[in-house]
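8 is the number of the first residue of the sequence shown in our numbering; add one for each residue after it.
We treat Cβ as the ideally placed atom computed from N, Cα and C, and that holds for glycine.
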Amino acid sequence: MRFRSLRLAGILALGILAGGSALAQAVRPLVVAEDVVPQTFDPTQSSQIRTWYAWQLVYEGLVRADAGGAIVPVLATKWTVDAAQTTYDFTLRDGVKFADGTPLAADDVVFSFQRLAEKGLPYAKDRFKSIESVTKVDDKHVRFKLKQPDAGFLLNLGSPFVVGSAILSQKWAQTHDPKREMMGTGPFKFVSYSPNTQLVLKRNEFHWNKDGAAKVADLVIRYMPEQSAQIAALKSGQIDLMFPSAESRLQLKGDQSVGTVQVNSTNTVRLNVNTGRKPFDNPDVRRAISLAIDRAAVAQGAFLGEAVPSAQVPPSYAWAPKMNTMKYHRHDVAQAKALLAKAGYPNGFEVNLNHLAGYATYLDRFAELLKTQLAQVGIKVNIQANQNAVWLDKQNRADYELMDNEYAYQADPLFYLMPRPGRQGPTPPEMAALITRAQGGTAEEYLAQLAKVAQMQDDLVYPDITIAARNAWVSYGAKVQSVAPDATLSRTFLAGVTFK
Numbered sequence: 008m009r010f011r012s013l014r015l016a017g018i019l020a021l022g023i024l025a026g027g028s029a030l031a032q033a034v035r036p037l038v039v040a041e042d043v044v045p046q047t048f049d050p051t052q053s054s055q056i057r058t059w060y061a062w063q064l065v066y067e068g069l070v071r072a073d074a075g076g077a078i079v080p081v082l083a084t085k086w087t088v089d090a091a092q093t094t095y096d097f098t099l100r101d102g103v104k105f106a107d108g109t110p111l112a113a114d115d116v117v118f119s120f121q122r123l124a125e126k127g128l129p130y131a132k133d134r135f136k137s138i139e140s141v142t143k144v145d146d147k148h149v150r151f152k153l154k155q156p157d158a159g160f161l162l163n164l165g166s167p168f169v170v171g172s173a174i175l176s177q178k179w180a181q182t183h184d185p186k187r188e189m190m191g192t193g194p195f196k197f198v199s200y201s202p203n204t205q206l207v208l209k210r211n212e213f214h215w216n217k218d219g220a221a222k223v224a225d226l227v228i229r230y231m232p233e234q235s236a237q238i239a240a241l242k243s244g245q246i247d248l249m250f251p252s253a254e255s256r257l258q259l260k261g262d263q264s265v266g267t268v269q270v271n272s273t274n275t276v277r278l279n280v281n282t283g284r285k286p287f288d289n290p291d292v293r294r295a296i297s298l299a300i301d302r303a304a305v306a307q308g309a310f311l312g313e314a315v316p317s318a319q320v321p322p323s324y325a326w327a328p329k330m331n332t333m334k335y336h337r338h339d340v341a342q343a344k345a346l347l348a349k350a351g352y353p354n355g356f357e358v359n360l361n362h363l364a365g366y367a368t369y370l371d372r373f374a375e376l377l378k379t380q381l382a383q384v385g386i387k388v389n390i391q392a393n394q395n396a397v398w399l400d401k402q403n404r405a406d407y408e409l410m411d412n413e414y415a416y417q418a419d420p421l422f423y424l425m426p427r428p429g430r431q432g433p434t435p436p437e438m439a440a441l442i443t444r445a446q447g448g449t450a451e452e453y454l455a456q457l458a459k460v461a462q463m464q465d466d467l468v469y470p471d472i473t474i475a476a477r478n479a480w481v482s483y484g485a486k487v488q489s490v491a492p493d494a495t496l497s498r499t500f501l502a503g504v505t506f507k
């Protein structure tokens, strides 16, 4: 990704160093630290949470799903659905402009979804696989025609991470590369990106929502893989906000100059299993692996007690099946050994773990605990520590046996349960049928049907093995007024941060 040096960025940097002058304070950016660099700015091209954090500051969708699942207008002000539940007509908001001042039109919406269908990553396209067509009715109206009813359609449109649902400027995209730059309608405007170093954004002065406009004029995201460096930078005032790990949170405790907000997140750490390879095509092998994992010990050891054991649907969802009703999301070494023997592996076997190195210390500790726990049932784990690009490539090509992973909040809860096309073996027909039934039913029946899918996934231990739902924190320096993150861990709250 190219870095376009801007004079403003230099002025801002000088302002931080100057520290005391009125001019420095007036132009001072909000400086935020992130651990992992974005892989792309194209909102159709990544399945990784940390990459979503960058593009969701610039792009918006037609609607947004709030924390309770209600659909809130964004770029669309209203919509209608026909009796068959397959035709959705959206009315676009008047006066919306992209950050370059060009008006939003129906052509941009049609272009964005055509682009998703033609070029999107399977992970992104799968969220909208029920779409048959997206057409322009007139400049202010767009029609979505679905192949069949989809109870999660509006929820997917409303994901705060806008994966596949972000609306791009058609005109802008004709002369720019969306992988390297961004042009959206959101609260911030892309200025520049220095690979592996920082992303510079400015307030979008054309943003349609004056109440939701960015409170700071400039936002700088610094990519700092070492949390120790982030802590030092936060304490010295070089950064204003960070997302500490559990151990970093302990280091910051007691520092009166640092404020911290806890978030009980819906992020779940998982063990992806490639059921397209032996012996993982055998459900008894997968059941044995799941039973061999002591989730309570992982929550304590990997997450320093700041997590709870979880199945596919995080326990914070009231409708989720309870952990004590699960047959295989529990710890039972004796049963695990018996199932391995039944599957023809009485002495266990050797397996490679595609481990995402440098992502988070809790994931590093989880990999080591997994190795120790699976060894107790005879499974020898070889940890292959891969950096982000290699790990992602192996994931997307299903070039792995076991893989550690983290799933973010999903506006449509089906995506806690949905098999990932091309990333593991074929979906069991009975599960595919149950998912189809859930999607094609009514919104009132949807969650009850998803609970049945969750129970089936526990029985078949497919498509993955979920371990824990973790807590998260936001820490901020003395110059920040307050922060208000939510359980999604979405970075959209940064638009509302103000200085004292």
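Assignment of Gly447 by DSSP, reduced to helix, strand and coil, places it in the helix class. Residue pairing by DSSP places Gln205 opposite Ser201, Arg229 in a beta bridge.
Counting only the Cα atoms, Pro428 lies some 14 Å from Lys401.
Judged by beta-carbon spacing, Pro328 lies within the 8 Å limit of Ala458, meaning their Cβ atoms are closer than that value.
In the three-state reduction of the DSSP assignment, Trp62 falls in the helix class, which pools H, G and I.
For Asp96, the enclosing beta strand (DSSP E) begins and ends at 94-99.
If you keep only unbroken beta strand (DSSP E) runs of at least 3 residues inside the segment 84-172, you get 94-99, 138-145, 148-153. Assignment of Leu467 by DSSP, reduced to helix, strand and coil, places it in the helix class. Scanning its chain for C-beta atoms nearer than 7 Å, with the 5 sequence neighbours on each side dropped, one finds around Asp465 the residues Ala318, Met333, Lys334, Tyr335, His336, in chain order. The segment 200-214 and the segment 481-500 do not touch, with fewer than 3 CB-CB distances between them shorter than 8 Å. Where Gln46 is concerned, there is no enclosing beta strand (DSSP E), because DSSP gives it neither an H nor an E. Scanning its chain for C-beta atoms nearer than 8 Å, with the 5 sequence neighbours on each side dropped, one finds around Asn389 the residues Glu357, Val358, Asn359, Leu360, in chain order. Relative to the Cα of Arg229, the nearest Cα in the group Leu496, Leu208, Gln394 belongs to Leu208. A check of alpha carbon separations from Leu370 across Lys344, Asn412, Tyr416 identifies Asn412 as the nearest. For the pair Thr87 and Pro156, the CB atoms are not nearer than the 8 Å cut-off. Between Ser235 and Ala367, the C-beta spacing is not below 8 Å. Ile138 and Asp89 have their C-alpha atoms some 15 Å from each other.
Straight across, the Cα-Cα distance linking Ser54 with Ser140 is about 24 Å. Pairing Ala61 with Pro45 gives a Cβ-Cβ distance under 8 Å. By a beta-carbon distance limit of 8 Å, Ile474 contacts Arg277. Their separation comes to about 6 Å. Here Val170 is buried: its Cβ has 16 or more other Cβ atoms, across all protein chains shown, within 10 Å.
Taken through DSSP and simplified to helix, strand or coil, Lys329 comes out as coil. With fewer than 16 neighbouring CB atoms inside 10 Å of its own CB, Glu437 falls in the exposed class. Per DSSP, Thr282 lies in no beta strand (DSSP E) segment and is marked neither H nor E. When Phe160, Trp59, Ala240 are compared, the shortest CA-CA separation from Asp96 is found for Phe160.
Taking the CA atoms as reference points, Glu188 sits about 34 Å from Asn281. Here DSSP, grouped into helix, strand and coil, assigns Ser489 to strand. Ranked by Cα distance from Gly219, the options Val315, Pro194, Asp184 are led by Pro194. At the C-beta level, Arg293 and Tyr469 come within 8 Å of one another. With distances taken between CA atoms, Pro80 lies nearest to Asn216 out of Lys154, Asn216, Leu64. Leu259 is positioned such that its CB atom lies no closer than 8 Å to that of Val39. Under the three-state reduction of DSSP, Met410 is assigned to strand. Thr267 is bridged by DSSP to Ser482.
Membership of Ile390 in the beta strand (DSSP E) is indicated by the continuous run 386-393. Distance from the CA of Leu241 to the CA of Ser497, rounded to the nearest whole angstrom, comes to 21 Å. DSSP places Ile78 in the uninterrupted beta strand (DSSP E) bounded by 78-80.
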